[in-house]
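Peer 1: Can you keep this structure in mind? I'll have questions shortly.
In structure tokens:
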């Protein structure tokens, strides 16, 4: 049977509606899998709510893909909702007029992978990130082999499902609970819905009204949060300390029971949040519960990210633009988080939820940071697990226990361990030996040794002859591999043939030519 080579804007909208219906129906199933980063049983609810917010934005008209992206970023809930918003942003960035064919689909997943990696401060394998990465890789392979959209989707959904099944082997908390990752399950459902939409071949007139927004069965409706003010969710704790005005009836989210209160931004300031009366009505002298804090922020996003990183865990910054983003963090210092956000820019849609008290904070995962310009060089560092920082950065983003590769830049490292890479090729050598499973001291020592063994030259010109002369001078003292960086494309095979050794050549506009030998 043949299928359409692409989905148009109506098909994309239908997919979103189908996804809302499927996530709503299966949210309890997904919630039951939710044990990481905290077992608060809300991943299914958060993904369903986020997708519904995306669909509601699309109902207002305009480009469907862009509307889904904007609606999801502004309406994102929880870690999983933030990740979902970046997947939809990838679709919007890759598509033209909301048309999705095999090539656009593969590009969308690749863009989504990069956006999610940028959004999550401390990515962890065995989560939705792992499933997304596997899907993106398979999509690239399928399109490279000439698969159409249907063939690509069949392959991608199968690979994503296998990646999901393997998540317990990558994350101990999943293995101990005997479950797969909840966010990964949600992503597989979205991919399944996309395949089903393509196979259905429906027109808009054939679309079932049961899948349109506002037609859910009784008891399956998602809670609405259209208020531009502040939403305080007090999970199972006394209501003392919460403003009584505007307190609504309980809303059921997943398997947990919560209460919500809508408060205008003029009623609750950042200083009130951090006052002696805690959100749960407890004196500040008692242990403050850890909160999930979410809000939409307009301002210097990177500066805010650097300031929030030390204040909690599960930090996710889902960007709508370079100067606006949805922010998510788990923290016991909600007052400090909110105060910094208000000082740095405009805060809207502020939402606070008390996390279960028996949830120990997730241990901070060590992060490798590398300074590099956008393009192929940055991609090399990102592929090795590093978070890439723009060379023009002025604020430190790394934290204590992290590893920082300056790569010849003046970017501040903060309290991180600095490996003295005074060039990009030295940084590549250091990253090549980095093992995230090693103890910090062992990892830093290995990287330092790699940097010392890398001999670097910066030729005065970026011509092929100048690069070869510089490489030959370095090879006089021995060496088995040459790394060449150039602002212009270079012929890697030609260089390898003329030098007689293995050559890795990368080009990126604006960089200075570098040659490294090891």
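Numbering (my numbering), first residue to last: 6 to 523. Just so it is clear, CB atoms sit at the ideal spot from N, CA and C, and this is done for glycine as well.
Is it the case that the Cβ atoms of residue 314 and residue 124 are separated by a distance below 8 angstroms?
Peer 2: Against a cut-off of 8 angstroms, the Cβ pair of residue 124 and residue 314 comes out as no contact.
Peer 1: Run through the stretch 351-418 for me and flag every whole alpha helix (DSSP H) of 4 or more residues, listed as ranges in chain order.
Peer 2: Counting only runs of 4 or more, we get 381-388.
Peer 1: What three-state label does DSSP hand residue 12 in the structure shown?
Peer 2: Reduced to three states, the DSSP call for residue 12 is strand.
Peer 1: For a test of the three-state rule: what should DSSP assign to residue 82, helix, strand or coil?
Peer 2: Of the three classes helix, strand and coil, the one that applies to residue 82 here is coil, per DSSP.
Peer 1: State the DSSP-derived secondary structure class of residue 189, mapped to helix, strand or coil.
Peer 2: Helix, per DSSP.
Peer 1: Over what stretch of residues does the alpha helix (DSSP H) that includes residue 52 continue unbroken?
Peer 2: Start and end: 48-63.
Peer 1: Looking only at its own chain, which residues have a Cβ that is under 8 angstroms from the Cβ of residue 523, when we skip the five neighbours before and after it?
Peer 2: Closer than 8 angstroms at the Cβ level, and outside the excluded window around residue 523, lie 434, 455, 458, 459, 460, 484, 485, 486, 488.
Peer 1: Assuming residue 162 is part of the beta strand (DSSP E), what are its boundary residues?
Peer 2: Segment 154-170 is the alpha helix (DSSP H) holding residue 162; no beta strand (DSSP E) there.
Peer 1: DSSP puts residue 330 in a beta bridge; with which residues?
Peer 2: 302, 324, per the DSSP bridge assignment.
Peer 1: Assess, as a yes-or-no matter, whether the stretch 14-33 is touched by the stretch 157-176 under the definition of 3 or more beta carbon pairs within less than 8 angstroms.
Peer 2: Short answer: they don't touch.
Peer 1: How should residue 186 be labelled, buried or exposed, when 16 other C-beta atoms within 10 angstroms of its C-beta is the threshold for buried?
Peer 2: When all chains shown are included, residue 186 counts as buried.
Peer 1: Taking residue 374 as the reference, give the member of 339, 418, 348 with the closest Cα.
Peer 2: Among 339, 418, 348, the Cα nearest to that of residue 374 belongs to 418.
Peer 1: Out of curiosity, what's the CA-to-CA distance linking residue 416 and residue 201?
Peer 2: Distance between the alpha carbons of residue 416 and residue 201: 48 angstroms.
Peer 1: Run through DSSP, which three-state label would residue 312 get?
Peer 2: In the structure shown, residue 312 sits in a helix (DSSP, three-state: H, G or I).
Peer 1: Let's test the definition: count the other Cβ atoms within 10 Å of the Cβ of residue 299 and tell me whether it reaches 16, buried, or not, exposed.
Peer 2: Buried: at least 16 other Cβ atoms inside 10 Å.
Peer 1: Grab the span of the alpha helix (DSSP H) containing residue 432 for me, first residue to last.
Peer 2: Run containing residue 432: 429-437, per the alpha helix (DSSP H) assignment.
Peer 1: From the DSSP output, read off the bridge partner residues of residue 487.
Peer 2: In the DSSP output, where bridge partners are listed per residue, residue 487 has 508, 522.
Peer 1: Note the first and the last residue of the continuous alpha helix (DSSP H) segment covering residue 144.
Peer 2: It spans 133-149 - the alpha helix (DSSP H) in which residue 144 sits, taken as one unbroken run.
Peer 1: What are the complete alpha helix (DSSP H) segments, minimum 4 residues, inside the stretch 435-483?
Peer 2: Those alpha helix (DSSP H) runs which fall completely within the stretch 435-483 and span 4+ residues are 445-458, 469-480.
Peer 1: Could you compute how far the alpha carbon of residue 511 sits from the alpha carbon of residue 422?
Peer 2: Approximately 27 angstroms, taken between the alpha carbons.
Peer 1: What separation, rounded to the nearest whole angstrom, lies between the Cα atoms of residue 396 and residue 100?
Peer 2: Rounded to whole angstroms, residue 396 to residue 100 spans 29 angstroms at the Cα level.
Peer 1: Leaving out five residues before and five after residue 176 in sequence, what residues of the same chain have Cβ atoms less than 6 angstroms from its Cβ?
Peer 2: The answer, listed in chain order, is 131.
Peer 1: Can you name, in chain order, every residue of its own chain whose Cβ lies under 7 angstroms from the Cβ of residue 517, other than the five neighbours on each side?
Peer 2: 463.
Peer 1: Candidates 302, 113, 109: which alpha carbon is nearest residue 81's?
Peer 2: For residue 81, the nearest C-alpha among the options comes from 302.
Peer 1: Excluding the 5 residues preceding and the 5 following residue 13 in the sequence, name in chain order all residues of the same chain whose CB lies nearer than 6 angstroms to its CB.
Peer 2: 104, listed in sequence order.
Peer 1: Going by DSSP in three states, residue 36 sits in which element: helix, strand or coil?
Peer 2: Helix.
Peer 1: What does the alpha-carbon distance come out to for the pair residue 181 and residue 171?
Peer 2: Computed Cα separation, rounded: 14 angstroms.
Peer 1: Between residue 524 and the rest of its own chain, which residues show a CB-CB distance below 6 angstroms, the 5 nearest in sequence each way excluded?
Peer 2: The chain is shown from 6 up to 523; residue 524 falls before or after that span and cannot be answered.
Peer 1: Quick one: grab the DSSP three-state call for residue 336.
Peer 2: In this structure, residue 336 counts as strand in the three-state DSSP scheme.
Peer 1: DSSP state of residue 125, grouped into three classes?
Peer 2: Three-state result, residue 125: strand.
Peer 1: Report all residues from its chain with a CB closer than 8 angstroms to the CB of residue 349; omit the five preceding and five following residues, and keep chain order.
Peer 2: Answer for residue 349: 302, 304, 305, 308, 309, 312, listed in chain order.
Peer 1: Going by other Cβ atoms of all chains shown within 10 Å of its Cβ, with 16 needed for buried, is residue 149 buried or exposed?
Peer 2: With fewer than 16 other Cβ atoms within 10 Å, it is exposed.
Peer 1: Alpha carbon to alpha carbon, how far is residue 389 from residue 437? Give it in angstroms, no decimals.
Peer 2: Answer to the nearest angstrom: the Cα atoms are 7 angstroms apart.
Peer 1: Taking the continuous alpha helix (DSSP H) assigned at residue 179, which residues delimit it?
Peer 2: Per DSSP, residue 179 belongs to the alpha helix (DSSP H) from 177-182.
Peer 1: With distances taken Cα to Cα, identify the nearest neighbour of residue 69 among 97, 23, 79.
Peer 2: It is 97 whose Cα lies nearest to the Cα of residue 69.
Peer 1: Give me the Cα-Cα distance between residue 119 and residue 380, rounded to the nearest whole angstrom.
Peer 2: Distance between the alpha carbons of residue 119 and residue 380 is about 12 angstroms.
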